[in-house]
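Quick note, in this note's numbering, the sequence shown goes up one by one and the last residue is 1463. Ideal Cβ positions, reconstructed from N, Cα and C, are used throughout, including at glycine. Because the structure is a prediction, the values reported are computed rather than measured. Scroll down for the structure; my scribbles are underneath it.
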Amino acid sequence: MSARSESKSFQREMFLLVLALFFASGFSSLIYQVVWTRHLVLIFGSTTLATSTVLAVFMGGLALGSYFAGRVADRVARPFLWYGILEGIIGVWALAVPTLLDISISSYRVIWELTHFDFFSFSLLRLALAAMILLLPTTLMGATLPLLSKFVTDRLETVGDRIGTIYAVNTLGAVCGAAQSGLILLPGMGLSNTTLIAAGVNFVLCVIVLYVSARLEHSNRQALQKEAYESSKGELKAEDSKVAASAENAEQGKTEPEAASASSSKSKKKKKKGKQKIAAAAESKELELETKDESSDTLAANATIASEPEKEKEEKTSSPSLPAKVSNKVYLALGAIAVSGAAAMVYEVCWTRTLSLVIGGSTYAFTVMLSTFLSGIFLGSLFCAKVVDKFRQPFLAFGVFQIFVAIGCLMSLMLCQNLPMWNLQLNQLFPNALFSVWIRFILAESVLLPLTLFLGALFPVVIKCTTSDVDHIASSVGTVYSANTLGAIVGSVVAGFVLIPHFGVEKTMLIATGVNMLVGTIVMFAQTDARLSTKMTYVFLGAAVFIGFIANPNSTHDKKPLLIAQSARRAMRDGYDVFKKDSPWRSSIERTKIVYYKDGPCSNVAVLQFAQGDKVGTYSLLTNGCVDASDGADMSQQVLLASYPMLFRPNARRACVIGWGSGVTVAELLNFPIASVTAVELEPAVIEAAKVFDKYTHEPEKNPRVKVEINDGRNFLLATTQKFDIIVSEPSNPWQVGVCNLFTEEYFQTVRDRLTPDGVLSLWLQLGEVSPDSVKSVLSALNRNFDYCLAMASDSSNLVILASQTPLRADYASLQEVFENPYISRALDKTGITSPEGVLSRMVMTPSGLTYLVRETKPNTDDLNVLEYRIGRTYESMTFGHSNGVMLSENMGTPSGYIDWGNLPKERVAAIMARVAIEATKFGDLTAAYSWARSSIEKNQNDVAKRIIYWITEEDKKRTNFARMRGEIEALDPMKDKAAKTSLPAKSDQRLESEATEVLKAKGKLGAPAKDASRGK
């Protein structure tokens, strides 16, 4: 094999190694972005300002690193070695992040308590703490691209291919990092272990680079030694020839050795100087060294032989200074890529909000959207890298791609109208929960691909536009990357705070497409060599598509299909025919009205009025397409979240409600003699939308006892120094990003710290879409922070969990007084509770039963949030209401032991317990009915209670658990024969007995599991 062939083989191998290493860099960097952002959001909150602050610091570090590394890398002798060192430092810093996070939490609380900063100062505090953690590692991450760009590029003719390819492969690594972290690592290992894996990747990269760099250095030294040896050998031969030629003249022969010696000394000095020059250039020329010496047969020598003289090379590749016109075009390209970065981030924010309406707001949905966006950029940049060096007019191509980005977004908007139906069709073909992630990926890719392909193509072509000197390639890459990243920061902030709140998501995307078209037009006309007709063709093409989209009434979204997409999926899960045109469900949806819609800073908020036959339908409030409140199926939960804790703590004076919802919970608290209510809501549009429910709430936000805080609920509790008697946690969809953070052990610890000594937490926990294991993990997290946890039912598919550090005992006399309040009794009447006995019948699990249930269950934590990951896969395809009901009934405990009966005689207490058993039977909870009836018998041999138990066991004798119950009751019942049991007891309360008989007969098969209730529409 010739030396030239060996050199090319060496170059290919090294380039493939660089691609593999940079793929791993992108993989670990994206994992860090996901993990660190999640950590900081837990501290700062998930408001738009907080998340924008974290994103700005992260991307700002990337921009800073790429810019300064670009300035330095062109003068660094061994950029590959420095790349490895930076990877090692990033890994070390990752291991220090947990400690820094602890410091941040402590500092955050202390500074807030000491200063009570205003809004602006508090924002600066967030920025400083985020910078303390993120700025160093992200700056180092940003520096890696310029360093490797310098290492792999030595010819201007291949700059687009080389830089574009490593950028594409790094983006592919980011795609894999996003997918692996969101789908596998975080669900299976948690935040801490996922960080360790990413740090391990950095350390492996560091070791590989140090090893390869050392081998290259060793090979270079060997090549230099061989070159010096060959050069010295040739000079010695020349000297011998001179000596032999001068032997004829003795006089001259005396002087020839001196001349030869001087010549040899001079030659050695030249060799030494040449050796130093070659060693300094060896690192940057490892991949592309060319040689004309075909006689050399070693790879090391091939990599170190001197190339063309520097002067000649400079004449071929660059000029000492750029002409003014070219320099202006470069500045124009940098400005254009910055604006493109801003537009790209606007697209990402807007499409994330739009797609969340259809594919949901779970962590898997956001993982899919991020992976899809990055995968399109990877494909676009890779394709462009392979052809960009053939462009004779790169500025023209850059301008054309800008226009195609705009056209791609318009195509995506048109395709988006089909998403709801595609979603239903795919879920019908693949109903298994295992396919849910792939279905989301297909839906997102089908819409985003036209846009992201051209976004990815922009980076390689702008590198080609801005690079005219290969010796300054790192500076060009660093400047372009930093400009693009700074633009992305501006785009994220402007989209979240200005454009979306004022214009909405769709119009914001149209503004971004207009910006891309304008930038593309300006850049194309900067290319003076292109024909005017060619430029105008592309401009008119973009303008025609844009105007056609605006003018076509069918291209404007009907938001209703998007808003009901998740409800349609649940309806299909529950057995409704969502495809048949004349089906009742389709008929109802067609008559459903959008009463309110707004794209807020954090969420898309809507109120829909669902049609119900010929009657006026119920109103449902949706955030990001998911029902969060309604005046239908959710009314019981909204009322009882406030009523239950007040019934157990009637003297409570200060309350805090996390989540405004419909406002019903806040309004219900105001019915009690409470002094103040602090309501914390993340999205301002929710409070505005809740005015639809004013007929139930009577504008609670205007009540002087109510203070509304626009903030993240968890962040508010973390920062405030206030203490509350009651804290109500209303958000109820624990699979949604952000909401899931309100169901962890750390959150419950924060709540406990903000409660008074006998304060109570009231938590809404769904049963229909949360698996039994997930329910247990939440209860375990509660049980670790509170000594007493009591589960109260609001309906057959929802619980209200009460948690406190002091015993939770209901005072029967206080309950009677509460029902004398007409406002409270009227509100409770909507939930089916009309008496104190009705309240007691909803106790489905006592503190002792709950403690026993979770005795071996790991709690749900911030580090491994099992609710977020388990339910995120199954909530659209599976229900768990019945299995959860069985689990709770088997661990109920004895609820009658948690009632303070005062001085009531035991006969009266036994009669009340029997009535509670009747109320439990009305509610459909036969386990509770049995427990209360048995307690009544134990208290005073109540005959009505015996009759209730007989009916339960007789009607459900095929059920093994009730058969066991009947066996237990036989031992307590003195009446042994069936005839005696079936006859009316002689000393029973006839009115109570008649009511029991009527209710039990109406129930039919009492023990049959009730069909799971679905939440709203």
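Based on the DSSP secondary-structure assignment, which residues constitute the bridge partners of residue i?
i: Cys1072; result: Thr1069
i: Phe1170; result: Leu1201
i: Tyr1043; result: Ala1052
i: Met1289; result: Met1238
i: Glu1127; result: Ile1156
i: Leu1248; result: Ser1208 and Leu1236
i: Ile1104; result: Val1126 and Ser1175
i: Gln1182; result: Ser808
Run the CB neighbour count on residue i, radius 10 Å, all protein chains shown included, and call it buried at 16 or more, exposed below.
i: Pro766; result: Low local confidence applies: a pLDDT of 35 at Pro766 is under 50, so the model's placement there is unreliable, with the coordinate-based value given in what follows. So Pro766 counts as exposed.
i: Arg661; result: exposed
i: Ile549; result: exposed
i: Val480; result: buried
i: Asn1161; result: buried
i: Val1073; result: buried
i: Ser821; result: buried
i: Thr983; result: exposed
i: Tyr1298; result: exposed
i: Ser455; result: exposed
i: Tyr657; result: exposed
i: Tyr1269; result: exposed
i: Asp1158; result: buried
i: Ile1383; result: buried
i: Asp1233; result: exposed
i: Leu1261; result: buried
Among residues of its own chain, excluding the 5 on either side of residue i, which ones have a beta-carbon nearer than 8 Å to its beta-carbon?
i: Leu964; result: none
i: Leu465; result: Thr611, Ile612 and Val615
i: Arg1015; result: Asn869, Leu870, Asn873 and Glu1322
Which residues in the same chain as residue i place their Cβ atom closer than 7 Å to its Cβ, once the five residues preceding and following it in sequence are excluded?
i: Ala811; result: Ser802, Ile805 and Arg886
i: Leu541; result: Ala645
i: Glu1114; result: Val1085, Ala1088, Ser1089 and Ala1273
i: Glu794; result: Phe819
i: Gly1295; result: Asn1337, Met1338 and Gly1339
i: Gly636; result: Asp1309 and Leu1310
i: Asp1423; result: Here Asp1423 scores only 40 on pLDDT, less than 50, and its place in the model should not be relied on; the value that follows carries that caveat. Excluding residues within five positions, none has a Cβ falling inside 7 Å.
i: Thr590; result: Ser471, Tyr529 and Leu532
i: Lys731; result: Low per-residue confidence applies at Lys731: pLDDT is 41, beneath 50, and the placement is therefore not dependable, though the value from the model is reported in the following sentence. These residues qualify, in order along the chain: Asp600.
i: Ile551; result: Ile489
i: Gly807; result: Asn1070, Cys1072, Gln1182 and Val1183
i: Val785; result: Gly933, Val961 and Val965
Between residue i and residue j, which are expected to be in contact by the criterion C-beta below 8 Å, what is the C-beta distance as a whole number of angstroms?
i: Glu459; j: Val655; result: Incorrect: roughly 15 Å between the Cβ atoms, too far for contact.
i: Leu1313; j: Ser1223; result: 7 Å
i: Ala1057; j: Ser1034; result: 5 Å
i: Val851; j: Leu897; result: 7 Å
i: Tyr1344; j: Leu1254; result: 7 Å
i: Leu1068; j: Leu1009; result: 6 Å
Which same chain residues, not among the five before or five after residue i, have their C-beta less than 6 Å away from its C-beta?
i: Cys622; result: Phe473
i: Ile1172; result: Pro1091, Ala1098, Ala1101 and Val1206
i: Pro525; result: Ala519, Leu593, Lys596 and Phe597
i: Met791; result: Ala934, Gly937 and Ser938
i: Asp1257; result: Asp1346
i: Val1470; result: Lying outside 447 to 1463, the shown extent of the chain, residue 1470 is not represented and no answer is given.
i: Glu1353; result: Asn1386
Would you check if there are 3 or more beta carbon pairs closer than 8 Å linking the stretch 1210-1223 to the stretch 829-846? no
Evaluate the contact criterion for the stretch 1116-1133 versus the stretch 1141-1157: three or more CB pairs, one atom per stretch, below 8 Å. yes
With three or more C-beta pairs closer than 8 Å as the rule, is the stretch 1036-1050 touching the stretch 1197-1210? no
Are the stretch 486-505 and the stretch 600-612 touching, with three or more C-beta to C-beta distances below 8 Å? no
Inspect the CB distances between the stretch 908-920 and the stretch 774-782 and report whether three or more fall short of 8 Å. yes
Count Cβ pairs between the stretch 1287-1295 and the stretch 1363-1378 that sit closer than 8 Å; are there 3 or more? yes
Would you be able to state if there are at least three C-beta pairs under 8 Å between the stretch 494-510 and the stretch 926-944? yes
On the three-pair Cβ rule with 8 Å, is the stretch 1385-1395 touching the stretch 1306-1318? no
Looking at C-beta atoms only, is the number of pairs between the stretch 1242-1256 and the stretch 1352-1364 that lie closer than 8 Å three or more? no
Across the stretch 568-577 and the stretch 496-503, are there enough close Cβ pairs to call them in contact, namely three or more that are closer than 8 Å? yes
With a cut-off of 8 Å, do at least 3 Cβ pairs link the stretch 622-633 to the stretch 824-835? no
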